[in-house]
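Heads up: the structure comes next, in structure tokens.
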Amino acid sequence: MVRKIFYIGLFGIIYGVSYWYLYRHWGLAGAAVLLGVCSLFYFGFYEFIKTNERKWQQYLMV
Numbered sequence: 008m009v010r011k012i013f014y015i016g017l018f019g020i021i022y023g024v025s026y027w028y029l030y031r032h033w034g035l036a037g038a039a040v041l042l043g044v045c046s047l048f049y050f051g052f053y054e055f056i057k058t059n060e061r062k063w064q065q066y067l068m069v
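The opening position of the sequence shown corresponds to residue 8 in my numbering, with each subsequent residue numbered one higher.
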């Protein structure tokens, strides 16, 4: 459980910093590109976890 929260927080920090950087340099276009890439990555990652759910449950249940 703690590991799960840690990974969610880490992803949030990385996302926040990259969002701020892209928005500052590219404006709304950079923010939209980052949002699209992150949502694609999230859904791909989610499907990957769903297919290997039993293995991930053992990994995340610490």
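Just so it is clear, CB atoms sit at the ideal spot from N, CA and C, and this is done for glycine as well. Here the structure is a predicted model, which means the values were calculated and not measured.
query	result
Pairs of beta-carbons, one from the region 47-56 and one from the region 22-31, closer than 8 Å: are there three or more?	no
Can you name the start and end residues of the alpha helix (DSSP H) that residue 16 belongs to?	9-33
Quick one: measure Cβ to Cβ for residue 29 and residue 37, integer angstroms, because I've assumed they're closer than 8 Å.	3 Å
Please return the same chain residues whose Cβ sits closer than 7 Å to the Cβ of residue 41, not counting the five positions on each side in sequence.	25, 26 and 29
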